[in-house]
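With the working numbering applied, the sequence shown covers 3 to 474. Glycine included, every Cβ here is placed at the ideal spot set by N, Cα and C. All values derive from a computational prediction rather than experimental measurement.
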Amino acid sequence: MPFLLPIATSLLSVFIKGRLLIGINLISSFTLLALALQLLFEVVSSGPKSLIFGNWPVPYGIEFYADGLSALLIILIALVSAVVMVFMVHWERTSDKSAYFALAQCLVASAIAVSLAADLFNLYVWFELMLIAVLGLMVLGKGRQQTEAALKYFAVSMLGTLIMLSAIGMIHGAVGHLNFSALAELAASEDTGHYLTLYGGMLLLALLLKIGAFPLFAWLPAAYHALPAPLLALVGGLLTKISVYVLMRISGQVLDYQLYHEAIGWLAVITMLSGVLGAAYHWDLRRILSFHIVSQVGFLLLGVALASPAGMTGTAFFLFHNILVKANLFLIAGLIWMTAGHYDLRKIGGLYPARPLLSVIFLLSALSLVGVPPTSGFWGKLLIIMETFTQEKYLWAAAALITSMLTLYSMSKIWLEGFWKPHPGQLVSLVIPKSTYMVMLIMSVLILMMGLMPGPLIDLLQLQQWQQGGAL
Numbered sequence: 003m004p005f006l007l008p009i010a011t012s013l014l015s016v017f018i019k020g021r022l023l024i025g026i027n028l029i030s031s032f033t034l035l036a037l038a039l040q041l042l043f044e045v046v047s048s049g050p051k052s053l054i055f056g057n058w059p060v061p062y063g064i065e066f067y068a069d070g071l072s073a074l075l076i077i078l079i080a081l082v083s084a085v086v087m088v089f090m091v092h093w094e095r096t097s098d099k100s101a102y103f104a105l106a107q108c109l110v111a112s113a114i115a116v117s118l119a120a121d122l123f124n125l126y127v128w129f130e131l132m133l134i135a136v137l138g139l140m141v142l143g144k145g146r147q148q149t150e151a152a153l154k155y156f157a158v159s160m161l162g163t164l165i166m167l168s169a170i171g172m173i174h175g176a177v178g179h180l181n182f183s184a185l186a187e188l189a190a191s192e193d194t195g196h197y198l199t200l201y202g203g204m205l206l207l208a209l210l211l212k213i214g215a216f217p218l219f220a221w222l223p224a225a226y227h228a229l230p231a232p233l234l235a236l237v238g239g240l241l242t243k244i245s246v247y248v249l250m251r252i253s254g255q256v257l258d259y260q261l262y263h264e265a266i267g268w269l270a271v272i273t274m275l276s277g278v279l280g281a282a283y284h285w286d287l288r289r290i291l292s293f294h295i296v297s298q299v300g301f302l303l304l305g306v307a308l309a310s311p312a313g314m315t316g317t318a319f320f321l322f323h324n325i326l327v328k329a330n331l332f333l334i335a336g337l338i339w340m341t342a343g344h345y346d347l348r349k350i351g352g353l354y355p356a357r358p359l360l361s362v363i364f365l366l367s368a369l370s371l372v373g374v375p376p377t378s379g380f381w382g383k384l385l386i387i388m389e390t391f392t393q394e395k396y397l398w399a400a401a402a403l404i405t406s407m408l409t410l411y412s413m414s415k416i417w418l419e420g421f422w423k424p425h426p427g428q429l430v431s432l433v434i435p436k437s438t439y440m441v442m443l444i445m446s447v448l449i450l451m452m453g454l455m456p457g458p459l460i461d462l463l464q465l466q467q468w469q470q471g472g473a474l
């Protein structure tokens with residue numbers, strides 16, 4: 003299984019330093035990407051793969067399950083991991099690189115395991131390991147800002163953990179199983195279905211907290227900005243998206259959230275607008291992009307709330323697009339700091355004449371985040387908004403369009419303040435290694451291809467077996 007490689011690399015990174023540390027992590031990350039591509043090929047050619055540990059029969063054993071949706075997600079996790087590892091090699095603000103590499107690989111391994119988990123307890127264990135790795139990355143900074151961010155993140159994570167664990171315990175106590183396939187059968191039973199609806203609501207609350215939905219999103223922009231830019235790309239690109247993926251998995255497939263879909267839809271509307279207004283208000287580049295995570299989470303929740311095959315296809319497409327674009331934008335923010343010496347837009351400028359290639363890369367990612375045709379963000383938003391019209395959810399569609407316009411405003415602010423206006427002082431202009439530009443160009447090409455040729459990915463997602471409300 004692909005997650006074993008980053009686990010081994012994480013353990014090894016604790017004991018080695020220097021060039022050997024860098025070499026092993028780079029080789030591991032690109033090997034992981036190759037394994038992820040192989041997994042997708044096997045799933046597409048011969049169908050979903052299942053692995054049950056200890057030869058225990060389903061539904062009693064620990065099961066990992068890979069289909070087209072999870073295989074695609076693992077490819078993106080591996081790709082973002084490889085790009086971040088290249089950046090980490092040259093990022094001077096991370097003094098203890100052994101610890102950073104070890105925790106980053108742990109985060110990658112647990113994210114992959116969450117993508118493959120086919121029972122609630124297994125899901126919980128790897129989910130919490132992923133959150134512990136993020137907390138460790140925040141604490142490593144050792145400054146006051148990092149400590150405050152870690153405490154905020156810890157408090158919210160613990161609350162979500164307690165709710166999730168309580169929900170899982172109650173589900174097991176009520177029906178005696180945690181395997182997804184067993185729960186799906188029990189949810190249809192009149193004897194046990196009402197228990198799963200009730201306790202599933204608790205599980206939904208825990209996921210919404212970890213996703214960063216309104217009104218539980220304040221921890222996200224308050225904590226994320228304390229991470230170094232490469233790790234912020236890893237965490238910001240993956241963490242909330244993995245949580246949305248989990249919600250997509252269990253919504254409909256495992257637990258019937260039909261009772262909650264209308265509430266999720268209105269929550270998505272408020273989350274979209276709250277996040278984009280926060281982004282429009284702030285001037286710190288990291289905070290702007292962090293608030294946009296909240297806004298994009300709202301779009302993803304809107305797709306989940308539509309609870310239809312078309313809505314889920316749009317949500318999955320938008321999820322994959324957002325992982326690439328958001329990771330790229332956080333990496334761009336790091337290069338802006340290396341060039342201008344600040345993240346505050348009021349203190350920087352002149353980036354377009356100083357870094358024309360960086361300007362082009364930013365413009366592509368920014369337009370994709372906005373959803374300007376024919377970028378990747380446009381197709382994901384189009385699929386979701388078209389389904390809102392199909393279901394006559396006109397206010398939801400209006401909120402999505404308003405959010406896109408406000409996203410355009412905040413991205414224009416970054417362009418005009420950071421790239422177009424003259425720098426108010428002196429550019430720092432640290433040397434940017436060619437390898438960082440190379441991997442960002444690869445990400446940008448993939449983003450561009452998703453926009454210009456969305457058909458193959460949409461077709462692959464439509465092959466996914468969607469049932470009412472979730473993925474199967």
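At the level of alpha carbons, what is the spacing between residue i and residue j?
{"i": "residue 423", "j": "residue 108", "result": "41 Å"}
{"i": "residue 306", "j": "residue 389", "result": "11 Å"}
{"i": "residue 92", "j": "residue 435", "result": "7 Å"}
{"i": "residue 228", "j": "residue 187", "result": "44 Å"}
{"i": "residue 282", "j": "residue 408", "result": "7 Å"}
{"i": "residue 182", "j": "residue 123", "result": "10 Å"}
{"i": "residue 85", "j": "residue 442", "result": "7 Å"}
{"i": "residue 185", "j": "residue 39", "result": "30 Å"}
{"i": "residue 81", "j": "residue 118", "result": "17 Å"}
{"i": "residue 416", "j": "residue 330", "result": "15 Å"}
{"i": "residue 96", "j": "residue 310", "result": "Its pLDDT being 49, under 50, residue 96 is placed unreliably in this model, and the value from its coordinates should be taken loosely. C-alpha separation (whole angstroms): 44 Å."}
{"i": "residue 214", "j": "residue 137", "result": "16 Å"}
{"i": "residue 370", "j": "residue 378", "result": "6 Å"}
{"i": "residue 196", "j": "residue 176", "result": "10 Å"}
{"i": "residue 341", "j": "residue 353", "result": "8 Å"}
{"i": "residue 474", "j": "residue 380", "result": "Confidence in residue 474 is poor, its pLDDT being 49 and thus under 50, which makes the residue's placement unreliable; the coordinate value appears in the next sentence. Those two C-alpha atoms are separated by around 26 Å."}
{"i": "residue 129", "j": "residue 21", "result": "31 Å"}
{"i": "residue 106", "j": "residue 12", "result": "8 Å"}
{"i": "residue 153", "j": "residue 242", "result": "18 Å"}
{"i": "residue 79", "j": "residue 110", "result": "7 Å"}
{"i": "residue 217", "j": "residue 273", "result": "8 Å"}
{"i": "residue 77", "j": "residue 43", "result": "11 Å"}
Let me check one thing: in DSSP terms, what residues is residue i bridge-paired to?
{"i": "residue 52", "result": "67"}
{"i": "residue 119", "result": "66"}
{"i": "residue 181", "result": "121"}
{"i": "residue 346", "result": "286"}
Which same chain residues, not among the five before or five after residue i, have their C-beta less than 6 Å away from its C-beta?
{"i": "residue 131", "result": "112"}
{"i": "residue 334", "result": "364"}
{"i": "residue 67", "result": "52, 120"}
{"i": "residue 173", "result": "201"}
{"i": "residue 158", "result": "221"}
{"i": "residue 178", "result": "none"}
{"i": "residue 294", "result": "281"}
{"i": "residue 410", "result": "372"}
{"i": "residue 368", "result": "413"}
{"i": "residue 83", "result": "31, 110"}
{"i": "residue 328", "result": "238, 239"}
Give every residue of the same chain whose Cβ lies closer than 7 Å to the Cβ of residue i, excluding the five residues on either side of it in the sequence, and list them in chain order.
{"i": "residue 45", "result": "51, 68, 69, 70, 73"}
{"i": "residue 148", "result": "140, 141, 228"}
{"i": "residue 261", "result": "199"}
Compare the Cα-Cα distances from residue i to each of the options and report the closest residue.
{"i": "residue 301", "options": "241, 232, 282, 404", "result": "404"}
{"i": "residue 464", "options": "319, 337, 329, 118", "result": "319"}
{"i": "residue 1", "options": "208, 312, 141", "result": "With the chain represented from 3 up to 474, any question about residue 1 goes unanswered, as that position is not in the structure."}
{"i": "residue 116", "options": "244, 399, 147, 139", "result": "244"}
{"i": "residue 296", "options": "440, 384, 212, 136", "result": "212"}
{"i": "residue 393", "options": "269, 102, 264, 31", "result": "264"}
{"i": "residue 437", "options": "179, 401, 337", "result": "337"}
{"i": "residue 155", "options": "135, 339, 36, 104", "result": "135"}
{"i": "residue 361", "options": "43, 420, 162", "result": "420"}
{"i": "residue 373", "options": "323, 426, 5", "result": "323"}
{"i": "residue 339", "options": "314, 286, 367", "result": "286"}
{"i": "residue 236", "options": "375, 206, 316, 88", "result": "88"}
{"i": "residue 232", "options": "9, 425, 99", "result": "99"}
{"i": "residue 366", "options": "355, 445, 289, 343", "result": "445"}
{"i": "residue 277", "options": "299, 288, 321, 348", "result": "299"}
{"i": "residue 332", "options": "226, 451, 204", "result": "226"}
Within the same chain, show all residues whose beta-carbon is closer than 8 Å to that of residue i, passing over the 5 residues directly before and after it, in chain order.
{"i": "residue 462", "result": "46, 70, 74"}
{"i": "residue 399", "result": "387, 390, 391"}
{"i": "residue 406", "result": "372, 373, 383"}
{"i": "residue 14", "result": "26"}
Run the proximity test for residue i: is its beta-carbon closer than 7 Å to any non-hydrogen atom belonging to the ligand NAP?
{"i": "residue 415", "result": "No copy of the ligand NAP appears in this structure; indeed no ligand is present at all."}
What are the uninterrupted segments assigned as alpha helix (DSSP H) that are 4 or more residues long and contained completely in the region 370-444, given in chain order? Under the rule that a run must span 4 or more residues, the alpha helix (DSSP H) segments found entirely inside the region 370-444 read 378-392, 396-416.
Length-filtered (4 minimum) alpha helix (DSSP H) runs lying within the region 127-182: Entirely contained in the region 127-182, the alpha helix (DSSP H) runs reaching 4 residues are, in chain order, 146-177.
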